[in-house]
Amino acid sequence: MEKEKISSGNIIDFNVLKRILQFVKPYRGRFIFLIFLTVILGVLTPLRPLLIQYTLDNDVANGDYTGLLQIMLLIFGLLIVQSVFQYIHTYISGRIGQYVIRDIRIKLYKHLVGFRLKFFDRTPIGRLVTRTISDVEALADVFSEGLAALAGDLLQIVFILIFMFYTDWRLALVSLSTIPLMLLSTYIFKEKIKVTFNDVRNAVANLNSFVQEHLTGISVVQIFGSEKREFEKFKEINKEHRSAHLKSVLYYSIYFPVAEIISAMGIGLLVWYGAKGVVGGNTGITIGTLTAFIMYIQMFFRPIRMIADRYNTLQMGIVSSSRIMNLLDSDEHLVDNGSKVLTEFKGKVEFEHVWFAYNDAEYVLKDINLKIKPGKTVALVGATGAGKSSIINLLNRFYEI
């Protein structure tokens with residue numbers, strides 16, 4: 063079956079993204095509130111290491127148990143606030159996504175039902191089912207796990223960097239020394255998984271098309287005794303579907319352990335350098351600072367590891383969105399030249415030198431001349447494929463002449 067291409071060679075097709083955001087306009091208030099929550103969560107995340115640094119260097123070092131208890135209660139309260147905000151953020155992003163895909167699915171279905179039959183003759187119905195259901199569902203992830211989550215990860219990284227360099231620029235540089243390796247592995251993973259996701263979408267569309275068409279035409283398959291041959295075709299398409307998914311599983315199983323190793327290398331370098339500073343005693347590096355940086359580096363690498371996954375969720379949604387937009391841009395409607403009120407209906411049917419083909423290669427009707435007077439009953443008789451249904455389709459203006 064014919065494969066569809068990724069719509070753009072760019073990292074993200076911003077034209078498609080812009081059109082997706084047009085569907086968010088009715089919910090702009092919630093979307094703005096979602097952005098606000100994203101910023102708040104980005105600020106709250108790095109506060110915990112800062113508080114722990116303070117209590118280790120002051121309360122614990124001085125034996126101030128009252129101050130230690132106060133800081134612990136403050137951290138506990140901070141976790142509760144962060145959890146509540148995270149719940150609201152997740153709920154709103156998912157809700158916006160569901161409202162948007164509802165609107166897109168309604169618009170897409172309304173658009174499709176007005177198409178001329180010629181479009182459905184050349185387009186597999188299973189592929190249209192994929193567009194209306196699977197691709198639209200993938201679009202929901204753009205909001206629930208793509209845009210909002212990706213923006214949150216990026217903001218969290220920015221705020222963590224600010225806190226790290228504010229606390230100690232030397233430890234910050236040591237902590238970030240493995241970043242080039244992380245960025246390189248993330249870039250390679252992103253490029254590989256982007257192609258794989260497109261293959262998965264193609265495989266799903268092909269599988270849907272095959273199953274829908276063969277179950278609809280099962281009588282033809284059984285008449286010609288083609289069950290075994292068609293089953294072999296199905297196994298081959300199903301094999302391609304499995305292979306596409308397994309390839310994505312392979313890339314994920316390689317990337318995340320590599321990312322963990324790089325993260326551990328960063329922590330190891332940090333502990334080695336920081337411990338020397340603590341033991342030396344004259345570098346300004348304290349046990350609280352070192353502990354805070356260990357937490358910072360763990361917080362820093364977590365969103366970087368997730369960004370590749372978030373990005374590809376976004377990319378997968380963009381690919382699906384591009385196909386949906388292409389379908390919405392298709393103009394396959396019958397041209398309506400205006401209505402005419404019939405004051406007198408004669409009921410005469412007349413075809414004069416009618417030629418018709420479902421494709422340009424083979425004519426079904428060749429120079430047909432037909433005249434049926436009012437009140438007459440006519441039977442169309444002929445072999446299968448002679449054009450009986452085609453005449454009725456033309457009479458009902460399912461096709462243009």
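The sequence shown begins at 63 in our numbering and counts up one residue at a time. Just so you know, even glycine gets a beta-carbon here, dropped at the ideal spot from N, CA and C. Note that this is a predicted model, so its numbers are computed, not measured.
Give me, in chain order, the residues of the same chain whose beta-carbon lies closer than 6 Å to that of residue i; leave out the 5 immediate sequence neighbours on both sides.
| i | result |
| --- | --- |
| residue 70 | Residue confidence for residue 70 is low, a pLDDT of 46 falling below 50, so the modelled location carries little weight and cannot support an answer. |
With respect to 7 Å, is the separation between the Cβ of residue i and the closest non-hydrogen atom of the ligand ZN below this value?
| i | result |
| --- | --- |
| residue 112 | No copy of the ligand ZN occurs in the structure displayed, which carries no ligand at all. |
Output needed for residue i: all residues of its chain with C-beta closer than 7 Å, excluding positions within five of it in sequence on either side, in chain order.
| i | result |
| --- | --- |
| residue 354 | 111, 112, 114, 115, 229 |
| residue 413 | 430, 431, 432 |
| residue 320 | 247 |
| residue 190 | 174 |
| residue 13 | Because residue 13 is not part of the residues shown, which for the chain are 63 to 463, the question remains open. |
| residue 387 | 78, 81 |
| residue 167 | 194, 198 |
| residue 296 | 272 |
Could you name the residues that DSSP lists as bridge partners for residue i?
| i | result |
| --- | --- |
| residue 411 | 434 |
| residue 416 | 430 |
| residue 296 | Bridge partners of residue 296: none, in fact. |
Kindly indicate which residue of the options has the alpha-carbon position closest to the one of residue i.
| i | options | result |
| --- | --- | --- |
| residue 335 | 271, 351, 134, 321 | 351 |
| residue 377 | 449, 197, 424, 125 | 197 |
| residue 262 | 245, 242, 301 | 301 |
| residue 149 | 99, 104, 234, 218 | 99 |
| residue 157 | 212, 369, 92, 238 | 92 |
| residue 90 | 104, 269, 154, 126 | 154 |
| residue 178 | 394, 442, 425, 416 | 394 |
| residue 209 | 375, 297, 254, 389 | 375 |
| residue 439 | 314, 409, 313, 418 | 409 |
| residue 358 | 326, 124, 136, 386 | 326 |
| residue 271 | 299, 287, 290 | 299 |
| residue 391 | 372, 103, 169 | 169 |
| residue 147 | 162, 95, 185, 187 | 95 |
| residue 361 | 220, 152, 372, 437 | 220 |
| residue 369 | 215, 119, 454 | 215 |
Between residue i and residue j, what straight-line distance do the alpha-carbon atoms span, to the nearest angstrom?
| i | j | result |
| --- | --- | --- |
| residue 222 | residue 305 | 39 Å |
| residue 85 | residue 202 | 12 Å |
| residue 339 | residue 329 | 15 Å |
| residue 180 | residue 461 | 7 Å |
| residue 285 | residue 446 | 15 Å |
| residue 97 | residue 107 | 16 Å |
| residue 444 | residue 384 | 45 Å |
| residue 160 | residue 199 | 9 Å |
| residue 367 | residue 77 | 27 Å |
| residue 265 | residue 164 | 24 Å |
| residue 193 | residue 441 | 40 Å |
| residue 448 | residue 417 | 13 Å |
In chain order, what residues of the same chain have a beta carbon less than 8 Å from the beta carbon of residue i, not counting five sequence neighbours either side?
| i | result |
| --- | --- |
| residue 324 | 240, 243, 244, 247, 363 |
| residue 313 | 251, 254, 255, 258 |
Throw me the rounded Cβ distance for the residue i and residue j pair, which I believe falls under 8 Å.
| i | j | result |
| --- | --- | --- |
| residue 276 | residue 292 | 6 Å |
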